[in-house]
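Position in the sequence shown (from 1) plus 42 gives the number in our numbering. Report on the following structure.
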Amino acid sequence: MDSLATIQLVHEQQMVNRRMMGILVQWRELLHRKWKLKFQHAFREANMVADKLASLAVEMDPRIRVLHDQPAEVCDALQADTYGAVRPEDLRIAVKIPPL
């Protein structure tokens, strides 16, 4: 599930799988408190660490986990995000050829 789908679930009254329902209820309760919250979609290519952590979370036991160090699965993404690296598959190249 990507961040756009998550934002839509938080704001809409949709049914989700049982595993996600608890956290969605908590998010919705937080939204109704007297503060200003803004959810913003970020493409996964812009934050690979968050994308990898979200993927790991879906596969993990649903109990709360505290990570004291980054999981090995995110090390490459962490380095790429830190240095602004771009993977070849993330590039979209448009070439405009002027008329002769």
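We put the beta carbon where it would ideally sit given N, CA and C, even for glycine.
Decide if alanine 99 is buried, meaning its Cβ has at least 16 other Cβ atoms within 10 Å, or exposed.
exposed
Which word fits leucine 51, buried or exposed, when buried means at least 16 other C-beta atoms lie within 10 angstroms of its C-beta?
buried
Just checking my contact of lysine 94 with glutamate 71 at CB under 8 angstroms: how many whole Å lie between their CB atoms?
Incorrect: roughly 28 angstroms between the Cβ atoms, too far for contact.
Would you call the CB atoms of alanine 47 and methionine 90 closer than 8 angstroms?
no
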